[in-house]
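> Below are the structure tokens for one structure; questions will follow.
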Amino acid sequence: MRNKKGKDDKRDAQLENAAADQRRRFLKQGGALITGAASAGLAPGAAAQGLAGQPWERVYGAGFTGYGQPSRFELPVVRHIGRPYGDLAPGSGAALSPIESLEGIITPSALHNIRNHSGTPDIDPKQHQLLLHGLVTRELMFSMDSLSRYPMATRTYFIECSGNSNRALAPQPAQVPAGAIHGNISCSEWTGVPLRMLLEEAGLRPEAQWLLAEGADSAHMSRSIPLEKALDDAMIALYQNGERLRPEQGYPVRLLLPGWEGNTSVKWLRRLKATSGPTHTKDETSKYTDALPDGRALQFTFEMGVKSVITKPSSTMTLPRPGFYEISGIAWTGAGRIRRVEVSSDGGSTWVNAVLAGEERSKSLVRFRLPWEWTGKAAILQSRAADDKGRVQPLRKEWMARFAPDIRFHNNSIISWAVAADGSVKNVYV
Ligand code: CO
4 MRNKKGKDDK RDAQLENAAA DQRRRFLKQG GALITGAASA GLAPGAAAQG
54 LAGQPWERVY GAGFTGYGQP SRFELPVVRH IGRPYGDLAP GSGAALSPIE
104 SLEGIITPSA LHNIRNHSGT PDIDPKQHQL LLHGLVTREL MFSMDSLSRY
154 PMATRTYFIE CSGNSNRALA PQPAQVPAGA IHGNISCSEW TGVPLRMLLE
204 EAGLRPEAQW LLAEGADSAH MSRSIPLEKA LDDAMIALYQ NGERLRPEQG
254 YPVRLLLPGW EGNTSVKWLR RLKATSGPTH TKDETSKYTD ALPDGRALQF
304 TFEMGVKSVI TKPSSTMTLP RPGFYEISGI AWTGAGRIRR VEVSSDGGST
354 WVNAVLAGEE RSKSLVRFRL PWEWTGKAAI LQSRAADDKG RVQPLRKEWM
404 ARFAPDIRFH NNSIISWAVA ADGSVKNVYV
């Protein structure tokens, strides 16, 4: 919890919600400030001295740049890169978002999580085309220019890899930042063409029930998509956070299936084929199935579960001293909206409702916050999300009992961070 003072200084004055009220009560009681708080008192005369002028106030500033970059002091904020095959396949694996360093609900495009099966292709948008074929009355081929002429929609959606949090299934809890375990999730504002519009133009034949979606990467990563989803809220995305998609996010065009496991939102989309049933591609038979204790496996488990994670404080951070802290984290559900996030500081014995920001958006990240006074005793912090379909984030042991021991997908169980008496925060299994 570093830079607490700076954070308080920048606190949005419009944040007139329950958290602010609770915090004001904290401050009125005075205890928080005395025992160590967020802001530091100044000796007489120190304020004027502090404004004497820093070196950057005495020299002319830098010129304009065509494409901006974060402050050099923020250079350590980078994705957590996992390369399971090492140099043999450096572009296969995942780069997880550093959620422990971010706030709000939008992930900067440059820090969005990535899951690539065969690296990021270097696609010339003038050469790339999207084919719509199969059980349609007329096949259509779209250039990127022609796609850009359709009416577009803009929505805020999260994308979570269904393998997110699989590292939390290791026998021992990893002592790494939260994003290195749970950061295969991000949220952007996406703009593109509703897929329904293109399917209606092509004309679906009555036998059409599924789509095959195929990417233009060298793995031709492909998934089968039920037509019902394609006609519901599926988007042919061209823009992310106001600019064209990043190459690692599918430039120049990707499928986007809100709330569904990330790899169904096929990147570098080159083909959609209407079919009568699922194609059973290599990517949905060798992977992305969920083994059960009795030896069977679930296939086509698309919707991501209701889930939350406390990002501050979280694993590997240190609380410098007892006093007031704001617990902050993200929650999401593939079912629609987050209805409630509860926070526990005693390992799940008691729970308090957190304040939510962004919960009016369906299938978006939601930010939750709760003021907390750390008394200096050992504590276990947990968050538990519930969605508008009444689903509640399960306990880790409840979730583990549902699947075979080698399960790797859809881990949405409750995440626990232990705060020790010395202020160190560790990843623990509860
Ligand atoms: Co699944």
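For the sequence shown, this note's numbering gives the first residue as 4, with consecutive numbering after it. Backbone N, C-alpha and C define an ideal beta-carbon position, used for all residues, glycine too. All figures in this text were calculated on a predicted structure; none of them were measured in a lab.
What is the chain-ordered set of residues for which the beta carbon lies under 7 Å from any non-hydrogen atom of the ligand CO?
Here the list is Ser165, Glu264, Tyr291, Asp293, Thr304, Phe305, Phe412 and His413.
> Do Gln212 and Ser279 count as a contact pair if the criterion is CB distance below 8 Å?
Yes; because the gap between Cβ atoms is below 8 Å, this pair is in contact.
> Excluding the 5 residues flanking Gly107 on each side, which residues of the same chain have their C-beta closer than 7 Å to its C-beta?
Cβ within range, chain order: Arg370.
> Does DSSP classify Leu207 as helix, strand or coil?
Three-state DSSP puts Leu207 in a strand.
> Nearest CA to the CA of Ser227: which residue from Glu246, Glu287 and Leu207?
Of the candidates Glu246, Glu287 and Leu207, the one whose C-alpha sits nearest the C-alpha of Ser227 is Glu287.
> Between Arg82 and Ser168, what straight-line distance do the alpha-carbon atoms span, to the nearest angstrom?
Using only the alpha carbons, I get a separation of about 15 Å.
> Measuring CA to CA, which of Ile383, Pro87, Arg387 and Ser95 is closest to Ser221?
Nearest option by C-alpha distance: Ser95.
> Report all residues from its chain with a CB closer than 8 Å to the CB of Gln178; omit the five preceding and five following residues, and keep chain order.
Closer than 8 Å at the Cβ level, and outside the excluded window around Gln178, lie Ser318, Thr319, Lys429 and Asn430.
> Determine, using beta carbons only, whether Cys190 comes closer than 8 Å to chain B.
Given the protein chain composition of this structure (a single chain), no chain B is represented.
> Three or more C-beta pairs under 8 Å: does that hold for the stretch 381-399 against the stretch 328-347?
Yes: at least three Cβ pairs fall under 8 Å.
> Could you check whether the stretch 402-418 touches the stretch 141-153, counting it as contact only if at least three pairs of C-beta atoms, one from each stretch, sit closer than 8 Å?
Short answer: they don't touch.
> Applying the 10 Å Cβ sphere with the 16-neighbour rule, what's the burial state of Gln243?
Its Cβ being crowded by 16 or more others within 10 Å, Gln243 is buried.
> With DSSP as the reference, identify every bridge partner of Ile333, one or two as the case may be.
Ile333 pairs with Val312 and Arg370.
> What residue ranges within the stretch 139-218 form continuous alpha helix (DSSP H) runs of no fewer than 4 residues, ordered along the chain?
Counting only runs of 4 or more, we get 147-150, 181-185 and 198-205.
> Counting pairs of beta carbons, one from the stretch 193-212 and one from the stretch 223-238, are three or more of them closer than 8 Å?
At 8 Å Cβ cutoff, the stretches touch.
> Taking 7 Å as the cut-off, is the C-beta of Gln72 nearer than that to any heavy atom in the ligand HEM?
What this structure holds is the ligand CO, not the ligand HEM.
> Within the same chain, show all residues whose beta-carbon is closer than 8 Å to that of Met200, passing over the 5 residues directly before and after it, in chain order.
Correct list, in chain order: Tyr153 and Pro154.
> Identify, in the order they occur along the chain, each residue of the same chain with its Cβ nearer than 6 Å to the Cβ of Cys164, setting aside the five sequence neighbours on each side.
Only Arg118, Asn187 and Gly265 meet the Cβ criterion.
> Taking 8 Å as the threshold, find out whether the stretch 391-401 comes into contact with the stretch 302-321 through three or more Cβ pairs.
Counting Cβ pairs under 8 Å, three or more are found: they touch.
> In this structure, does DSSP put Met403 in helix, strand or coil?
Looking at Met403 - three-state DSSP - the assignment turns out to be helix.
> Which residues in the same chain have their Cβ closer than 7 Å to the Cβ of Ile84, if we skip the five residues on either side of it in sequence?
Correct list, in chain order: Ala98.
> Just tell me which of Glu329, Lys400 and Glu401 has its CA closest to the CA of Trp377.
Of Glu329, Lys400 and Glu401, the residue nearest in Cα terms is Glu329.
> Within its chain, find whatever has a CB closer than 6 Å to the CB of Val416; leave out the 5 residues flanking it on each side and keep chain order.
In the sequence under discussion, the amino acid at residue 416 is Ser, which differs from the Val named in the question. Around Ser416: Pro397, Arg399 and Trp402.
> Starting from the Cα of Leu258, find the closest Cα among Leu234, Ser268, Pro197 and Gln252 and give me that residue.
Closest option to Leu258, Cα to Cα, is Ser268.
> Taking DSSP as the reference, what is the three-state secondary structure of Pro229?
In this structure, Pro229 counts as strand in the three-state DSSP scheme.
> With a 10 Å radius around its C-beta and 16 neighbouring C-beta atoms as the bar for buried, classify Gly182 as buried or exposed.
Buried.
> Considering only C-alpha positions, which residue in the set Asp349, Leu114, Arg273 and Glu363 is nearest to Leu133?
Looking at the Cα atoms, Arg273 is the closest of the given residues.
> When the Cα atoms are used, what is the spatial distance from Arg411 to Gln57?
In a straight line, the C-alpha of Arg411 is about 51 Å away from that of Gln57.
> Quick check on Lys7: does DSSP put it in helix, strand or coil?
Reliability of the predicted coordinates at Lys7 is poor, the pLDDT of 40 falling under 50, and no value is obtained from them.
> Between which two residues does the beta strand (DSSP E) containing Glu287 stretch?
It is not in any beta strand (DSSP E) - Glu287 instead sits in the alpha helix (DSSP H) that spans Lys285 to Thr288.
> Spatial neighbours of Ser121 within its chain, please: C-beta separation below 8 Å, excluding the five flanking residues on both sides.
Correct list, in chain order: Ala92, Gly94, Ser95, Asp220, Ser221, Ala222 and Met224.
> Assuming Thr313 contacts Gly332 (C-beta within less than 8 Å), just tell me the rounded distance between them.
With the sequence shown as reference, residue 313 is identified as Ile, and Thr is not the correct amino acid for it. With a Cβ gap of about 4 Å, Ile313 and Gly332 count as contacting.
> Specify the secondary structure class of Ile383 as computed by DSSP and reduced to three states.
Correct three-state label for Ile383: strand.
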